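Down below is the structure, laid out as structure tokens.
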Amino acid sequence: VLCRSLLAASLASPDYAPSYAALMAVVNTKLPEVGELLLSRAVLSFRRYYRLRDRAAVSSTLALLGHLFNQGMAHELLSLQILTVLLEGDVPTEDSVDVAVGYLCTVGRRLS
């Protein structure tokens, strides 16, 4: 219930994604299964919205995933795989490049 509520809240207001990620980082210290469940559901929702080409939902989900990475809940390979998915293909779309730039602005400092 908590994971579903946080994902819905982050889709509704992506500006609060850092707060949601910080809350989940605290919960993750005591209940790591809940943090793992949130990560897997967030990745699945990213895949679903990316397949549907819903730019706003993809950006919101990536904001949450980026801040979860900044809180130390996600591995750096997940961020690199997300960027690979966004920028793969012969010619990436303008939307996917824009979303990738926004994601890099969120996680870039920690990746370097």
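Every position in the sequence shown, counted from 1, becomes a number in the working numbering once 855 is added. Backbone N, C-alpha and C fix where the C-beta goes; we use that ideal spot for every residue, glycine too. Computed from a prediction, not measured in an experiment: that's the story for all the values here.
Q. Residue 943 by DSSP, collapsed to three states: which one?
A. Along the sequence shown, one-based indexing puts residue 943 at 88. If DSSP states are grouped into helix, strand and coil, residue 943 belongs with coil.
Q: List the whole-angstrom C-beta distance separating residue 920 from residue 929, where the pair is believed to meet the contact cut-off of C-beta under 8 Å.
A: Reading the sequence shown from its first residue, position 65 is the one you call residue 920. Reading the sequence shown from its first residue, position 74 is the one you call residue 929. Indeed, because the Cβ distance is near 7 Å, the residues count as touching under 8 Å.
(Q) For residue 927, tell me which candidate among 955, 966, 945 and 901 has the shortest Cα-Cα distance. (A) Within the sequence shown, the letter at position 72 stands for residue 927. Measuring from the Cα of residue 927, the nearest candidate turns out to be 966.
Q. Quick one: Cα of residue 935 to Cα of residue 875, how far?
A. Walking along the sequence shown from the start, residue 935 turns up at place 80. Walking along the sequence shown from the start, residue 875 turns up at place 20. Cα to Cα, residue 935 sits roughly 22 Å from residue 875.
Q) Between residue 862 and residue 918, is the Cβ-Cβ spacing less than 9 Å? A) For this step, residue 862 is matched to residue 7 along the sequence shown. For this step, residue 918 is matched to residue 63 along the sequence shown. No, Cβ-Cβ distance for residue 862 and residue 918 is not below 9 Å.
Q) Taking the alpha-carbon positions, what's the residue 864 to residue 908 distance? A) For the purposes of this step, residue 864 is taken as the residue at position 9 of the sequence shown. For the purposes of this step, residue 908 is taken as the residue at position 53 of the sequence shown. Answer to the nearest angstrom: the Cα atoms are 20 Å apart.
(Q) Tell me which residue opens and which closes the alpha helix (DSSP H) that residue 906 is part of. (A) Taking the first residue of the sequence shown as 1, we reach residue 906 at position 51. That run of the alpha helix (DSSP H) goes 887–907.
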